[in-house]
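Take 118 as the starting number for the sequence shown in my numbering and just add one per residue.
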Amino acid sequence: MKKKLYNQKDRSQLKAELTAENFPRITCSFYRYVNIDNPNTLRDKLYKEWIELNVLGRVYIAEEGINAQISIPESKFDTFIGLLNKRDYLADMPIKHAVEAGQSFIKLAIRVKKEIVAYNVPEDEYNMNQVGNHLNASEFNEALDNPDAIVVDMRNYYESEVGHFNNAILPDVERSQELLPEVRKLLQNNKDKEVLLYCTGGIRCEKASSYLLHHGFEDVKQLKGGIIQYAHDVKAENIHSKFIGSNFVFDQRLEERITDDIISQCHQCGNPCDTHTDCLNQACHILFIQCEKCKKYFDGCCSIKCKEFAALPLDKQKILRKDPAKVVSKTLQSVSGKPRLK
118 MKKKLYNQKD RSQLKAELTA ENFPRITCSF YRYVNIDNPN TLRDKLYKEW IELNVLGRVY
178 IAEEGINAQI SIPESKFDTF IGLLNKRDYL ADMPIKHAVE AGQSFIKLAI RVKKEIVAYN
238 VPEDEYNMNQ VGNHLNASEF NEALDNPDAI VVDMRNYYES EVGHFNNAIL PDVERSQELL
298 PEVRKLLQNN KDKEVLLYCT GGIRCEKASS YLLHHGFEDV KQLKGGIIQY AHDVKAENIH
358 SKFIGSNFVF DQRLEERITD DIISQCHQCG NPCDTHTDCL NQACHILFIQ CEKCKKYFDG
418 CCSIKCKEFA ALPLDKQKIL RKDPAKVVSK TLQSVSGKPR LK
């Protein structure tokens, strides 16, 4: 019988197994733009290999490359690297270790996608052989000192809301596919200026820098390894961090503390806070910022209406969720107008 190459356990079982683990894990990420002839075949092979090592995480594979955020048992890390190195196109992969440890993923999900970053831009508007120059932490800091340089955060608004570089342009978008056209529009009169891009781990800036170069921007640079590598480097080299606040990450941790600065507010009371959470009303599940006081008052929900709905018996919730007129979802009215509700 053919082994199913995907997770079959429910969320509660996965969480229980993770909680019961008595060994350390390494949370890390990597990406590479490289031609992959048969993404589906590679997907199945990697799943078989990595599930045997108890690797957890989220991985995207496309014809253009691979993008992975994963959690590996510390004792299996060297074996994992050995498996990567057996494939020439994945060998010597730069691995970025998380700034903070923690239980980041509960299952392994490897998916084949059209792109490893969902920009959804035509292929004739970028060339991955022509990307912006990479700057390390000290070089990026020096570039930031140029008063004429333009710094752009290549992340969504909810990411930059809790942490960003000083004086950076923070595009007001919530999906990756909205980002490149918006950045191009914001910078349209500055094609001759030095443009400095940064993102979480570097992958979004690779294609973004190529896109901007294609559209006539003359001097585009990008932060090597993104905020994750920058945080490691400023600590190791004892240099000043010009990134303030927290780094939003797309796993169960949601944030990594970079500096002690709290630059955002609770979406419910307006007090300083940078803790993201998902509304506990499963019919809503909106991502928002909530302080401990409001978490207690709203029972982890984004509003009184969601709190009341989440308190109903599960059977009744399921019935009401089938009726759009009766389901309670996305009712938060925040002091800053975010998160956006559509």
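Ideal Cβ placement from N, Cα and C applies to all residues, glycine included. Values in this document were obtained by computation on a predicted structure and should not be read as measured data.
For residue i, count neighbouring Cβ atoms within 10 angstroms of its own Cβ and tell me buried if that reaches 16, exposed if not.
| i | result |
| --- | --- |
| His214 | exposed |
| Gly318 | buried |
| Leu313 | buried |
| Ser451 | Caution is warranted here: a pLDDT of 45 is assigned to Ser451, below 50, making its placement in the model unreliable, and no coordinate value can be reported. |
| Ala137 | exposed |
| Ile223 | buried |
| Asn258 | buried |
| Thr144 | buried |
| Tyr123 | exposed |
| Glu425 | exposed |
| Asp391 | buried |
| Asp432 | exposed |
| Phe405 | buried |
| Ala133 | exposed |
| Gln365 | It is worth fixing the name first, because residue 365 is Phe in this sequence and not Gln. Buried, by the Cβ-count rule. |
| Gln346 | buried |
| Asn139 | exposed |
| Ile189 | buried |
State the Cα-Cα distance for the pair residue i and residue j, rounded to the nearest angstrom.
| i | j | result |
| --- | --- | --- |
| Thr394 | Leu371 | 8 angstroms |
| Lys308 | Ala235 | 25 angstroms |
| Lys126 | Arg175 | 16 angstroms |
| Ser92 | Glu311 | This structure cannot settle anything about residue 92, because the visible part of the chain is limited to 118 through 459. |
| Val290 | Cys408 | 24 angstroms |
| Gly362 | Ser381 | 9 angstroms |
| Asn306 | Val445 | 44 angstroms |
| Phe334 | Arg301 | 9 angstroms |
| Glu278 | Gln339 | 20 angstroms |
| Ala208 | Asn250 | 22 angstroms |
| Ile421 | Lys443 | 15 angstroms |
| Ser412 | Asn202 | Here residue 412 is Lys; the residue named in the question, Ser, does not match the sequence. Distance between the alpha carbons of Lys412 and Asn202 is about 45 angstroms. |
| Glu288 | Glu276 | One point to set straight first is that residue 288 is Pro, not Glu, in the sequence displayed. Cα-Cα distance, rounded: 11 angstroms. |
| Asn273 | Gly280 | 11 angstroms |
| Ala285 | Val269 | 5 angstroms |
| Glu299 | Asp378 | 28 angstroms |
| Lys121 | Lys324 | 34 angstroms |
| Gly454 | Ser221 | Confidence at Gly454 is low in this model, with a pLDDT of 43, below 50, so the placement of that residue should be treated as unreliable; the coordinate-derived value is given next. Computed Cα separation, rounded: 29 angstroms. |
| Met118 | Leu200 | Only weak support exists for where Met118 lies, its pLDDT of 46 falling under 50; the value from the coordinates is given anyway. In a straight line, the C-alpha of Met118 is about 26 angstroms away from that of Leu200. |
| Tyr206 | Lys162 | 15 angstroms |
| Ala348 | Thr376 | 9 angstroms |
Hey, would you say residue i sits closer than 8 angstroms to residue j, going by beta carbons?
| i | j | result |
| --- | --- | --- |
| Val248 | Leu297 | no |
| Phe197 | Leu170 | yes |
| Ala282 | Lys359 | At residue 282 the sequence reads Phe, which differs from the Ala that was named. Against a cut-off of 8 angstroms, the Cβ pair of Lys359 and Phe282 comes out as a contact. |
| Ile178 | Leu159 | yes |
| Gly182 | Ile227 | no |
| Cys322 | Met245 | no |
| His331 | Glu242 | yes |
| Leu225 | Trp167 | yes |
| Arg142 | Glu191 | yes |
| Cys419 | Ile403 | yes |
| Ala427 | Asn398 | yes |
| Asn468 | Lys341 | Any question about residue 468 goes unanswered here, given that the chain covers just 118 to 459. |
| Gln434 | Ala400 | yes |
| Arg374 | Glu217 | yes |
| Pro211 | Glu180 | no |
| Cys386 | Lys352 | no |
| Leu304 | Ile356 | no |
For the alpha helix (DSSP H) that residue i lies in, which residues bound it at each end?
| i | result |
| --- | --- |
| Glu196 | First, the residue type needs correcting, since residue 196 is Thr and not Glu in the sequence shown. Per DSSP, Thr196 belongs to the alpha helix (DSSP H) from Phe194 to Asn202. |
| Ser446 | Taken as a continuous stretch (DSSP letters only), Ser446 belongs to no alpha helix (DSSP H), as it is neither H nor E. |
| Leu131 | Arg128 to Ala137 |
Which first and last residues belong to the beta strand (DSSP E) in which residue i is found?
| i | result |
| --- | --- |
| Tyr185 | It is Ala, not Tyr, that sits at residue 185 in the sequence shown. Note, Ala185: beta strand (DSSP E), Gly182 to Pro190. |
| Ser146 | Arg142 to Tyr150 |
| Tyr177 | Leu173 to Ala179 |
| Leu163 | Not the beta strand (DSSP E): Leu163 falls in the alpha helix (DSSP H), residues Pro156 to Glu169. |
Using 8 angstroms as the limit for Cβ to Cβ distance, is residue i near chain C?
| i | result |
| --- | --- |
| Glu240 | Absent from the structure is chain C; it holds one protein chain and no more. |
Fully enclosed by the segment 295-360, which alpha helix (DSSP H) runs are 4 residues long or longer? 320-331 and 343-353
Within the segment 224-292, note down every full beta strand (DSSP E) run reaching 3 residues or more, in order along the chain. 225-229, 250-252, 267-270 and 280-282
Tell me the start and end of each unbroken beta strand (DSSP E) in the segment 372-398 that is at least 3 residues and wholly inside, in chain order. 372-374 and 393-395
Threshold first: 4 residues or longer. Then list the alpha helix (DSSP H) segments lying entirely within the segment 399-436, N to C. 409-414 and 421-427
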